[in-house]
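A.B. asks: Below: one structure in structure tokens.
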Amino acid sequence: MKGLSSHKLRQAGAIIRRYGVGFLAASALGFAPAAHAQSQHPDAQSFEEFLNGPEGAILDSHQANENLPETFRRQLFAVAPQAQGRIGVAALDLTTGQTVSIQGDEPFPMASTSKIAIAATFLAGVDSGKYSLFDRYPLMVPVASEPFSSKVAPVRAGQTMTAEMLIERMITRSDNQATDALLAVVGGPQAVNAWARKAGLGRFRIDRDIATLVRDRWEFDLSRHVDVRDSTPPEEMVELIAGIHQGKWLSPASRGLLIGAMTRTVTGSSRIKAGLPRGVSFGHKTGTLNKTASDVGFVTLPDGRVVVMAIYVTGQSGPAARNAKIAEITRTIYNGFATAPARHASNDNSVFAAN
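Residues -37 to -1, 1 to 318 (mature numbering (1 follows the signal peptide of the UniProt record, and there is no 0)) are what the sequence shown spells out, left to right.
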């Protein structure tokens, strides 16, 4: 590593510990944008650039959470290696406050997991009297256009549905047209971001509607680039779901509608669902994009405690491997929290206080 400063050497050591030797070697060779990319977006960075930026300081300073048994944390780190792509994990026991996090404070592409926040933003408007679940809105149907040919992908109005049906479709089936319908109603990405800030989520951000996100999905290889657009730290996604589950931001009726929809999700059967024992009560929302897969949600343990988790996986050898990795991480989280004695609970009630 001739020519590297002592600071860079420390960072390289941190990468080896947290990302694996293979990932460091690939970074040294220089990751490039996908062939489809038209230009380097200012919010997207190669891993080397990410390392040199302010986010890279996290690699030197981030410490694993200490309020769970060491064996559990070691098992989780073992099943979330970083050599074939970035993996971000965060989980929280809503009863004890116990947390675990691997790269949980770094940005990961949300893909369709952002739909939870879009639905919550609309439901907050229902609670304030601004909207009604019986209001009807048209689906936003994409119109064919070349990638990157416009800032916002063109859409046309389609079939109208009640807001309640749109929420059901966008959560349970991950319907993009239903999502963009409600995103337009609430005022676009900036309105969702404003709601997220009020909820205390400082780094969660939506930048594009789903039609644009999908059309331009090949702009970057998300396993090799850190694109803060349409991203969230896994820890903030956990905070979002935890707050919804605990009724912090929505009325009981709105909370029940959204949580209920998450329990009826039919996508991603080989992700969180595959990592849980049969018969376990859970709810979730999946996300899929170019070389990235995610699943976020909540699960009820045998003793009644609820654990919220967010798992973001990039790279690996392909879609099946990403799904299998999410299932493996889920299994480790479930078993770890189910067997963790209560005496390991943190005395600090704040979420992810040790990070």
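Don't be surprised by glycine CBs; every beta carbon is placed ideally from N, CA and C.
Computed from a prediction, not measured in an experiment: that's the story for all the values here.
1. Mark residue 2 as exposed unless 16 or more other C-beta atoms lie within 10 angstroms of its C-beta, in which case mark it buried.
2. Measuring alpha carbon to alpha carbon, tell me which residue in 293, 267, 136 and 37 is nearest residue 251.
3. Determine, using beta carbons only, whether residue 130 and residue 82 come nearer to each other than 8 Å.
4. Closest to residue 108 by C-alpha separation, out of 96, 174 and 263, would be which residue?
5. Does the stretch 41 to 58 come close enough to the stretch 284 to 295 that 3 or more CB-CB pairs lie under 8 Å?
6. Under 7 Å Cβ to Cβ from residue 265, same chain only, skipping five residues before and after it: list those, please.
7. Taking the alpha-carbon of residue 91 as reference, which of 168, 104 and 216 has the nearest alpha-carbon?
8. Taking the C-alpha atoms as reference points, what is the distance between residue 54 and residue 198?
9. Tell me, please, which residues DSSP counts as bridged to residue 248.
10. Does DSSP put residue 1 in a helix, a strand or coil?
11. Do you know whose CA, among 153, 247, 272 and 196, lies nearest residue 296's CA?
12. Taking C-alpha atoms, which residue in 47, 207, 286 and 89 lies nearest to residue 224?
13. In the DSSP output, which residue or residues are listed as bridge partners for residue 51?
14. Use the C-beta contact count for residue 77: other C-beta atoms within 10 angstroms, 16 or more gives buried, fewer gives exposed.
15. Can the beta-carbon of residue 103 be found closer than 8 Å to that of residue 140?
16. Based on the DSSP secondary-structure assignment, which residues constitute the bridge partners of residue 195?
17. If we call anything under 8 Å between Cβ atoms a contact, is residue 193 one with residue 171?
C.D. replies: Well, looking at it:
1. Walking along the sequence shown from the start, residue 2 turns up at place 39. In this prediction, residue 2 has a pLDDT of 44, which is less than 50 and means its spatial position is unreliable; what the coordinates show is noted afterwards. By the neighbour-count rule (16 or more Cβ atoms within 10 Å), residue 2 is not buried but exposed.
2. Counting from 1 along the sequence shown, the entry for residue 251 is found at position 288. Looking at the Cα atoms, 136 is the closest of the given residues.
3. Within the sequence shown, the letter at position 167 stands for residue 130. Within the sequence shown, the letter at position 119 stands for residue 82. Yes, they are a contact pair.
4. Along the sequence shown, one-based indexing puts residue 108 at 145. Cα-wise, what sits closest to residue 108 is 174.
5. yes
6. Position 302 of the sequence shown, counted from the first residue, corresponds to residue 265. Correct list, in chain order: 301.
7. For the purposes of this step, residue 91 is taken as the residue at position 128 of the sequence shown. With distances taken between Cα atoms, residue 91 lies closest to 216.
8. Numbered from its first residue, the sequence shown carries residue 54 at position 91. Numbered from its first residue, the sequence shown carries residue 198 at position 235. Approximately 8 Å between the Cα atoms of the pair.
9. Working through the sequence shown from its first residue, we reach residue 248 at position 285. Its beta-bridge partners are 259.
10. Position 38 of the sequence shown, counting from 1, holds the residue named residue 1. Below a pLDDT of 50, predicted positions are generally treated as unreliable, and residue 1, at 43, falls in that range; the measurement from the model is reported next regardless. Coil at residue 1, not helix or strand.
11. In the sequence shown, the residue the question calls residue 296 occupies position 333. It is 272.
12. For this step, residue 224 is matched to residue 261 along the sequence shown. Closest by alpha carbon: 207.
13. For the purposes of this step, residue 51 is taken as the residue at position 88 of the sequence shown. DSSP, once it has assigned bridges, lists 275 as partnering residue 51.
14. Looking up residue 77 in the sequence shown gives position 114. Counting Cβ neighbours within 10 Å, residue 77 comes out buried, since at least 16 surround it.
15. The count along the sequence shown starts at 1 and reaches residue 103 at position 140. The count along the sequence shown starts at 1 and reaches residue 140 at position 177. It is a contact, given that the beta carbons lie within the stated cut-off.
16. The residue you call residue 195 lines up with position 232 of the sequence shown. DSSP output for residue 195 lists 71 as bridge partner(s).
17. Against the sequence shown, residue 193 aligns to sequence position 230. Against the sequence shown, residue 171 aligns to sequence position 208. Yes, these two residues count as a Cβ contact at 8 Å.
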